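Working notes for the structure below.
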Amino acid sequence: MAGFTARNPAFRETVRASFESQTFMRTLGVRMTGLEPGSCVLEMPSRPDLCQQNGFVHAGATTAIADTAAGYAAFSLVPPGANILTVEFKMNLLNPAEGEVLVARAEVIKSGRTLMVVRSDVTARGKGTETPVAAMLATMMSLQT
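Read left to right, the sequence shown gives residues 11 to 155 (the working numbering).
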């Protein structure tokens, strides 16, 4: 989604510092591989300890990276000193999450002063292909300090 301008000139440093402080993302092995005003890309390697009983990456881990990517896409647009909280999301699981890496790509659809609507799509990459795994539509709230 094009057309968004960051209101914080140091948004890259602010977003990356916040992401690095997320111990849960570190536990999952998630890396931020893309960041632009209004968009964020996260990648999480598939590991056996993140899988459910059938060997697919657990929906909880999939949801966590979709929500986090959405949050940082929104966070890239807030003014200095503001923060973001998820207030609601709808997650559709599309296919079993099996692959070498799960990729969450989030884009802000509508940016308001207090609320932002963000879409986050998760794919599973492996064996030269990417398969859609999940689609999330989320609402984020900007907290002004």
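No residue lacks a Cβ here, since even glycine has one placed at the ideal position from N, Cα and C.
The model shown is predicted, which means the values in this text are computed figures rather than measured ones.
DSSP state of residue i mapped onto helix, strand, coil
i, result
"residue 71", "helix"
"residue 133", "strand"
"residue 156", "Lying outside 11 to 155, the shown extent of the chain, residue 156 is not represented and no answer is given."
"residue 44", "strand"
"residue 49", "strand"
"residue 140", "strand"
"residue 128", "strand"
"residue 11", "Caution is warranted here: a pLDDT of 49 is assigned to residue 11, below 50, making its placement in the model unreliable, and the coordinate value is therefore given only provisionally. Correct three-state label for residue 11: coil."
"residue 33", "helix"
"residue 60", "helix"
Beta-carbon spacing of residue i, residue j below 9 Å
i, j, result
"residue 45", "residue 25", "yes"
"residue 111", "residue 56", "yes"
"residue 75", "residue 20", "no"
"residue 117", "residue 49", "yes"
Nearest candidate by alpha-carbon position, reference residue i, set the options
i, options, result
"residue 23", "99, 62, 87", "87"
"residue 139", "108, 152, 129, 50", "108"
"residue 71", "34, 13, 135, 128", "34"
"residue 130", "153, 152, 104", "104"
Boundaries of the beta strand (DSSP E) in which residue i is found, first to last residue
i, result
"residue 121", "111 to 121"
"residue 99", "93 to 103"
Continuous alpha helix (DSSP H) stretch holding residue i: start and end
i, result
"residue 20", "Careful: residue 20 lies outside any alpha helix (DSSP H) and carries neither H nor E."
(message) Contact between the segment 135 to 149 and the segment 64 to 82 is defined here as three or more beta-carbon pairs at a separation below 8 Å; is this criterion met?
(response) Touching, per the Cβ criterion.
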